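J.: Let me give you the structure first, and then I'll get to my questions.
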Amino acid sequence: MLFDPRSFVPELDAEQQPAWTPHRRHPAAGCRPAHGFLTLPGVAPSVPVSGRVTYADELEITDLVIAQLEAGVLRASDVSDPTGAGDAFTQAMFAWLNPRIPHCQRLQFGFALIDQAAAADQIMQFGWEDGLQAPLYLAIELPGEEVYGIGRARAQALRAADPSLLFTAMSLVNAACSKSLFVRTPDVLLDEFARWHWDYDATLADDDSAREFLKENWGGDDADIERYLPSVVRPELAPDDTLPRYAHVLPGSSQLRELSPRTLRAMARSEDAWLAETCAALADLRLTLARAGDRSAVAGAQWAEPAYSAATIAYCESDYVSEVLDNHFECANNSGEATMFQCFIPIATERKAIRQQFEDLANMLRIIGALDRVLTLISS
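The sequence shown begins at 74 in this note's numbering and counts up one residue at a time.
Here you go:
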């Protein structure tokens with residue numbers, strides 16, 4: 074085709090140019106191989122064959138990277154042929170992180186190192202960029218979301234073992250989430266449902282105000298209103314023993330309590346293999362949380378309004394769960410006001426703070442591992 078004498082304008086070709094036939098060959102082609110006319114000329118060794126674009130921002134983290142390596146947690150031996158300070162820190166950081174990230178069956182998450190400008194770009198739509206002061210951040214990524222259900226059968230098995238066992242399990246799950254990954258639990262689902270249907274009040278009762286609010290904002294007939302009454306929704310979406318104590322509405326819920334480590338260890342000796350393993354996992358999660366104390370790797374992080382959570386753990390499969398998630402993702406999609414990150418953790422720059430931050434990160438990863446084990450046992 075490269076030697077076709079015809080033009081690209083069919084009108085000019087008509088009866089003016091000879092037709093192209095496959096056997097025609099330009100004399101210049103001779104007997105050379107077909108790719109010969111595409112052969113590139115030789116390039117002298119002195120000519121650069123690659124390039125690299127750099128920005129002044131990288132210079133700002135050089136002192137930070139040096140301080141990180143000198144603190145004694147990250148190892149310079151994990152860095153190989155870095156292209157700059159940022160690349161050196163990334164190699165060393167992920168050499169420390171990767172062996173400590175637990176293999177999870179329920180929770181989806183990842184980590185990314187991003188600079189201040191990139192973090193600000195993610196959250197400027199919320200007006201939070203002024204809160205970013207550090208030059209570099211460790212971001213928690215939430216790339217997708219799966220929905221798992223505890224189910225009535227498991228819930229009843231936990232309640233049968235002890236009326237407070239499900240309450241204990243969800244209390245520990247919420248405590249672990251507050252120190253690690255954002256998970257949509259029944260508490261979160263109920264709160265989001267209340268924003269849509271109950272004027273932001275998750276403890277709303279079936280009184281005239283509830284019916285009036287539903288009628289005024291959603292219309293529909295009496296059957297639709299009945300379907301969205303708190304007394305109908307809460308048992309399906311979030312019973313009291315799946316919620317924090319402040320969200321309880323039934324008088325009998327005042328008897329619920331968090332079971333002690335000794336009680337959980339005793340229940341872990343049950344002949345029921347699943348119950349024994351679940352109680353052991355809960356005891357281990359409680360111990361992991363206790364060892365972390367009041368500290369948290371995400372305590373000083375900038376929230377990033379994630380579109381996804383690390384997982385949704387529903388009480389059971391229901392239309393209410395689907396409705397909450399559909400509304401959430403539709404709003405996130407239409408408004409664009411969401412990110413793929415949970416939060417941005419500022420990278421420490423002082424020796425003592427650096428060592429403490431890595432201790433906090435190690436505790437967080439241990440919590441995530443213990444949390445995922447519990448969620449795997451109590452949901453499907």
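For glycine and all other residues, C-beta sits at the position ideal for the given N, C-alpha and C.
Computed from a predicted model, the values in this text were never measured in an experiment.
Please go through the same chain and pick out, in chain order, the residues whose beta-carbon is closer than 6 Å to the beta-carbon of R424, but skip the five residues on each side of it.
T.: Closer than 6 Å at the Cβ level, and outside the excluded window around R424, lie A144.
J.: Are the CB atoms of A168 and D151 nearer to each other than 7 Å?
T.: yes
J.: Is D279 closer than 7 Å to P303 when the C-beta atoms are compared?
T.: Yes, the pair counts as a contact, with Cβ atoms nearer than the cut-off.
J.: Per DSSP, which residues does R257 bridge with? Please list them.
T.: T385
J.: With DSSP as the reference, label T412 as helix, strand or coil.
T.: In the three-state reduction of the DSSP assignment, T412 falls in the strand class, which pools E and B.
J.: Between A228, E378, R268, which has its C-alpha nearest T315's C-alpha?
T.: A228
J.: Would the beta-carbon of A207 fall within 7 Å of that of I427?
T.: no
J.: Helix, strand or coil for G222? Go by DSSP, reduced to three states.
T.: strand
J.: Near A377, which residues of its chain fall below 7 Å by C-beta distance, leaving aside the five closest residues on each side in sequence?
T.: Q195, I196, T412, F414, Q415, C416, F417
J.: Give the range of the alpha helix (DSSP H) segment to which F431 is assigned.
T.: 424 to 451
J.: Say whether the region 235 to 254 touches the region 357 to 376, bearing in mind that this needs 3 or more beta-carbon pairs closer than 8 Å, one atom from each stretch.
T.: Contact between the region 235 to 254 and the region 357 to 376 is present, because at least three Cβ pairs lie under 8 Å.
J.: Got a sec? Which residues, its chain only, sit under 6 Å from A101 by beta carbon, not counting five neighbours each side?
T.: Bear in mind that a pLDDT of 48 at A101, under 50, signals an unreliable position, so the number given afterwards is only what the model happens to contain. Counting only residues of its own chain and dropping the five nearest sequence neighbours on each side, A101 has no CB closer than 6 Å to any other CB.
J.: Just curious, the alpha helix (DSSP H) that D314 is in, first and last residue?
T.: Counting along the chain, no alpha helix (DSSP H) covers D314, and no H or E run does either.
J.: Is D264 helix, strand or coil by DSSP?
T.: helix
J.: Quick one: what does DSSP say V126 is sitting in, helix, strand or coil?
T.: With a pLDDT of 45 at V126, under the threshold of 50, the modelled position of this residue cannot be trusted; read the value that follows with caution. Looking at V126 - three-state DSSP - the assignment turns out to be coil, as it is neither helix nor strand.
J.: Do you know how far the Cα of A353 is from the Cα of E309?
T.: 28 Å
J.: Could you tell me which whole beta strand (DSSP E) segments of length 3 or greater appear in the region 131 to 209?
T.: 183 to 188
J.: Could you round the C-beta distance between I187 and Y210 to whole angstroms and report it? I think they count as a contact, below 8 Å.
T.: 6 Å
J.: Can you tell me which of the three DSSP states E214 falls into?
T.: strand
J.: So, are the CB atoms of L358 and V447 less than 7 Å apart?
T.: yes
J.: Hey, could you find the ends of the alpha helix (DSSP H) W347 is sitting in?
T.: 346 to 365
J.: What residue range is occupied by the uninterrupted alpha helix (DSSP H) comprising S391?
T.: Where S391 is concerned, there is no enclosing alpha helix (DSSP H), given that its DSSP letter is neither H nor E.
J.: With 16 other CB atoms within 10 Å as the buried threshold, where does S453 fall?
T.: exposed
J.: In the DSSP assignment, the alpha helix (DSSP H) including R330 goes from what residue to what residue?
T.: First-last for R330: undefined, no H or E at that position.
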